[in-house]
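Chains as they are written, first to last, in the numbering used here: chain A, 143 to 544; chain B, 143 to 544. Have a look at the structure below before the remarks.
There are 2 protein chains.
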Amino acid sequence: MYDLLKGLRVVEGSAFVAAPTCGLYLAQMGAEVIRFDNIGGGPDFRRWPLSESGLSLYWEGLNKGKKSVAIDLSRPEGKEIAQRLAAAPGEDGGLFVTNFPAEGFLAYEALAKLRADLVCVRVMGWADGSQGMDYTINAALGLPQMTGHPDDERPVNHVLAAWDLLTGAYCAFAMVSALLARQRDGQGREVRVPLSDVGAATMANLGFMAEAQLTGRQRERMGNDLYGAFGRDFVTRDGQRLMLLCVTPRQWSKALEALGITREVASLEGEVGVSFATDEGLRFTHRDRLYPLFERAFAARTAGELTPALDAGGVTWGAYQPLEAALRDRRLYKDNPLFQDVRHPSGLTYPAPGAMGTIPQDERRPVIPAPRLGQHTDEVLAGLLGLPGAEIARLHDQGIVA
Amino acid sequence: MYDLLKGLRVVEGSAFVAAPTCGLYLAQMGAEVIRFDNIGGGPDFRRWPLSESGLSLYWEGLNKGKKSVAIDLSRPEGKEIAQRLAAAPGEDGGLFVTNFPAEGFLAYEALAKLRADLVCVRVMGWADGSQGMDYTINAALGLPQMTGHPDDERPVNHVLAAWDLLTGAYCAFAMVSALLARQRDGQGREVRVPLSDVGAATMANLGFMAEAQLTGRQRERMGNDLYGAFGRDFVTRDGQRLMLLCVTPRQWSKALEALGITREVASLEGEVGVSFATDEGLRFTHRDRLYPLFERAFAARTAGELTPALDAGGVTWGAYQPLEAALRDRRLYKDNPLFQDVRHPSGLTYPAPGAMGTIPQDERRPVIPAPRLGQHTDEVLAGLLGLPGAEIARLHDQGIVA
Numbered sequence: 143m144y145d146l147l148k149g150l151r152v153v154e155g156s157a158f159v160a161a162p163t164c165g166l167y168l169a170q171m172g173a174e175v176i177r178f179d180n181i182g183g184g185p186d187f188r189r190w191p192l193s194e195s196g197l198s199l200y201w202e203g204l205n206k207g208k209k210s211v212a213i214d215l216s217r218p219e220g221k222e223i224a225q226r227l228a229a230a231p232g233e234d235g236g237l238f239v240t241n242f243p244a245e246g247f248l249a250y251e252a253l254a255k256l257r258a259d260l261v262c263v264r265v266m267g268w269a270d271g272s273q274g275m276d277y278t279i280n281a282a283l284g285l286p287q288m289t290g291h292p293d294d295e296r297p298v299n300h301v302l303a304a305w306d307l308l309t310g311a312y313c314a315f316a317m318v319s320a321l322l323a324r325q326r327d328g329q330g331r332e333v334r335v336p337l338s339d340v341g342a343a344t345m346a347n348l349g350f351m352a353e354a355q356l357t358g359r360q361r362e363r364m365g366n367d368l369y370g371a372f373g374r375d376f377v378t379r380d381g382q383r384l385m386l387l388c389v390t391p392r393q394w395s396k397a398l399e400a401l402g403i404t405r406e407v408a409s410l411e412g413e414v415g416v417s418f419a420t421d422e423g424l425r426f427t428h429r430d431r432l433y434p435l436f437e438r439a440f441a442a443r444t445a446g447e448l449t450p451a452l453d454a455g456g457v458t459w460g461a462y463q464p465l466e467a468a469l470r471d472r473r474l475y476k477d478n479p480l481f482q483d484v485r486h487p488s489g490l491t492y493p494a495p496g497a498m499g500t501i502p503q504d505e506r507r508p509v510i511p512a513p514r515l516g517q518h519t520d521e522v523l524a525g526l527l528g529l530p531g532a533e534i535a536r537l538h539d540q541g542i543v544a
Numbered sequence: 143m144y145d146l147l148k149g150l151r152v153v154e155g156s157a158f159v160a161a162p163t164c165g166l167y168l169a170q171m172g173a174e175v176i177r178f179d180n181i182g183g184g185p186d187f188r189r190w191p192l193s194e195s196g197l198s199l200y201w202e203g204l205n206k207g208k209k210s211v212a213i214d215l216s217r218p219e220g221k222e223i224a225q226r227l228a229a230a231p232g233e234d235g236g237l238f239v240t241n242f243p244a245e246g247f248l249a250y251e252a253l254a255k256l257r258a259d260l261v262c263v264r265v266m267g268w269a270d271g272s273q274g275m276d277y278t279i280n281a282a283l284g285l286p287q288m289t290g291h292p293d294d295e296r297p298v299n300h301v302l303a304a305w306d307l308l309t310g311a312y313c314a315f316a317m318v319s320a321l322l323a324r325q326r327d328g329q330g331r332e333v334r335v336p337l338s339d340v341g342a343a344t345m346a347n348l349g350f351m352a353e354a355q356l357t358g359r360q361r362e363r364m365g366n367d368l369y370g371a372f373g374r375d376f377v378t379r380d381g382q383r384l385m386l387l388c389v390t391p392r393q394w395s396k397a398l399e400a401l402g403i404t405r406e407v408a409s410l411e412g413e414v415g416v417s418f419a420t421d422e423g424l425r426f427t428h429r430d431r432l433y434p435l436f437e438r439a440f441a442a443r444t445a446g447e448l449t450p451a452l453d454a455g456g457v458t459w460g461a462y463q464p465l466e467a468a469l470r471d472r473r474l475y476k477d478n479p480l481f482q483d484v485r486h487p488s489g490l491t492y493p494a495p496g497a498m499g500t501i502p503q504d505e506r507r508p509v510i511p512a513p514r515l516g517q518h519t520d521e522v523l524a525g526l527l528g529l530p531g532a533e534i535a536r537l538h539d540q541g542i543v544a
């Protein structure tokens, strides 16, 4: 937690990954983020992995540091309360992030009637409003057929919901950008961020699209080979698998030195008549000639023997390890100052991270766990909407809030 | 291109994916982004894919709409020019994004001497400053062993540099957030965003980390199965592969209806004694019983026969298609208003996207291509640093700029 966004108030009506991570990043930089959910939880409230008590570790990971209001969104009065929350007054309020449909009761037009300068950031599936989720968008972009080993023609879906995550961070950027614009021109805006456009634009930004257009087909599947430079996994004498990357001339020369194959590679360069040092692409073109040299060098030594040489030489490499080993890795989880032991709504205590960025000039504030569902209903209805206690009691009695 | 960030001036000293995408997102929202590179290009200037003329489609994709200054960064005077650019004066300037080392000539302390309120966003590999790139961080987090089909134990690296992309978007968010804070408190700050922390925090935010801690081991590899709910690829009678997702109760019931297997699934529910509709996790637990029902339903019909039923029912599904087919897909590339035909520095004309978000209230401005290397050297040295023409000529003559 940092205070960069102190004083901002963001309302979140969301589910799944993209919109909740947007709210998470905003909250961890100091914004007050108020999330509303259906009573009993939205469609992501029971998402796996679950604790033994049946509460979602996923939900409590994505909603850290937010406030929670529970509303019956199927009823007109509940819908109206959600609208009023999204468009609540206040100079640094009127910031709403959602993945609700663009045409429903949380449409921009409906909310702008309540607050003309509302900034709304809306995660969508397809830009035309049709249903799409990370995995269907990904399938439409060709990536699953580019992923995996070339001796297996089955598509491989990603496990990390990369499009959702990229969309969420981009939405956080869009939110603060639209706020800056509003501070200048007083205008409200909706920024629509469809996964389909994030995917299509990103494949273009990285050159995949132009390549497919020029060659007439997408990049072929190539296992763990780094496209266009030198990189792959190699196995040591003791069966450890290491990832090696050599993109820059320095990364290349240092790796050859550390592995003791400088002379063999020079001899291959002479034979083929190229300079691998100065043209990373040639390392890729001739990778089938280079791989055996590297394979032998890795297979001749244990990971323990290789590590000092690779580290001392400033080589870009890393061991494959399962996540349970990462938990004991000082640089990732153990001793990482991002993480603090926190007691979560599931009742479990385990380390949780604050903001992913670190500001050396500022002090990190404590990590705040996710709320219990509805934990802040009364506080928010009274404080933000100004509802009197008797009115809040009525809403509870009628099951409109919880 | 939109104007949300109009008036901001960002300087970028960067390579690869994360920091350049940060600058790209800022530029596409209206900031003036000035990128400096070594004369002849940085370590990413020849990155594949290349045009036939040898120019990088990747570089020209990631640097659209930026200005380019070419400097000999190996010489003291060149380093000083880069420092002066990063810390150049101006109310909405002093914004610097980089992946240069935290301890080198572009260290925050060095730049803050030139401009005390500098905002610097720094992409790093490992948080401790050691070398790390997307693929080595990914290997350390366990994801390659979770990815791919369970009958193949080789790790599968991702093809999309997901950690780089997430880091880049988060950096754009961090940049604007730190600017908002500076407007309030006048303070400069460095925000360090290491790929290792982005990775570690994200695996925690999504529940992967808590799960590994509770169970003692990471999630097992499960091919294209959606973890914790129902989703997988299925093959139609004509050999088309479709991705189906059923997370919400509605997605589930609509899919069963469209596939005509509502009754069979109800019968299985009776036999097993569960309700798949109300608990998405049970669909995952019993997926080996459910899969044959779905496989038969898909195999009985062609994709052409299935499409109207799936679409009419509001089912969340999508076809796998290679990228060359996506180019003809109206919803992705063809007819997508994000894209415009642009002539790029490679000399090729092909469609390129503007901002990934769409603002219905604002007009999209034309997509601006990437610069030629050094295209804006003179303009920036004169306009931003106020160097007289004779001085700029000397720098050219001495090969310090180009």
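Note that CB positions come from ideal geometry on N, CA and C, so glycine has one too.
Same chain, Cβ closer than 7 Å to residue i, five either side skipped, listed in chain order
i: G443 (chain A); result: Rather than Gly, the amino acid found at residue 443 (chain A) in this sequence is Arg. So the list reads T378, R379, once near-sequence residues are dropped.
i: A497 (chain A); result: M143, Y144, Q170, M171
i: G183 (chain B); result: L515
i: E437 (chain A); result: F376
i: G284 (chain A); result: Q360
Other residues of its chain near residue i: CB distance less than 6 Å, five sequence neighbours each side excluded
i: C388 (chain A); result: F372, W394, A397
i: A354 (chain B); result: Q360
i: A314 (chain A); result: C164, Y167, L168
i: A316 (chain A); result: V263, V333
i: L469 (chain A); result: Y475
i: G220 (chain A); result: I213, D214, I542
i: P391 (chain A); result: A419
Residues that DSSP places opposite residue i in a beta bridge
i: S198 (chain A); result: A:L192
i: W459 (chain A); result: A:L386
i: T519 (chain A); result: DSSP, once it has assigned bridges, lists no residue as partnering T519 (chain A).
i: E332 (chain B); result: B:C262
i: T491 (chain A); result: A:R485
i: T449 (chain A); result: DSSP lists no partner for T449 (chain A).
i: R374 (chain B); result: B:L386
i: L237 (chain A); result: A:V152, A:V261
i: F178 (chain B); result: B:V211
i: T500 (chain B); result: A:R334
Exposure of residue i, with buried meaning 16 or more beta-carbon neighbours within 10 Å
i: T240 (chain A); result: buried
i: E194 (chain A); result: exposed
i: A439 (chain B); result: buried
i: R405 (chain A); result: exposed
i: A320 (chain B); result: buried
i: R473 (chain A); result: buried
i: P495 (chain B); result: buried
i: P511 (chain A); result: buried
i: D367 (chain A); result: buried
i: R485 (chain B); result: exposed
Beta-carbon proximity check, residue i vs residue j, cutoff 8 Å
i: R257 (chain A); j: G290 (chain A); result: no
i: V522 (chain A); j: V211 (chain A); result: yes
i: I176 (chain A); j: K206 (chain A); result: no
i: M351 (chain B); j: L146 (chain A); result: no
i: M385 (chain B); j: G460 (chain B); result: yes
i: A228 (chain A); j: V153 (chain A); result: yes
i: G370 (chain B); j: D259 (chain B); result: no
i: A303 (chain B); j: D276 (chain B); result: yes
i: L150 (chain B); j: V318 (chain A); result: no
i: Y492 (chain A); j: P286 (chain B); result: no
i: L248 (chain B); j: Q225 (chain B); result: yes
i: S488 (chain B); j: E295 (chain B); result: no
Chain-order list of residues whose beta-carbon lies under 8 Å from that of residue i (same chain, five-residue window excluded)
i: R431 (chain A); result: L410, V414
**OP:** Pair every Cβ in the region 341–356 of chain A with every Cβ in the region 339–353 of chain B, then say whether three or more of these pairs are closer than 8 Å.
**Re:** Contact fails: fewer than three Cβ-Cβ distances are below 8 Å.
Original post:
Counting pairs of Cβ atoms below 8 Å between the region 263–279 of chain B and the region 331–340 of chain B, do you hit three or more?
Top reply: Yes, since at least three Cβ pairs between the region 263–279 of chain B and the region 331–340 of chain B fall closer than 8 Å, the two stretches touch.
**OP:** Report yes or no: do the region 158–167 of chain A and the region 454–472 of chain A share at least 3 C-beta pairs separated by less than 8 Å?
**Re:** With fewer than three CB-CB distances shorter than 8 Å, the region 158–167 of chain A does not count as touching the region 454–472 of chain A.
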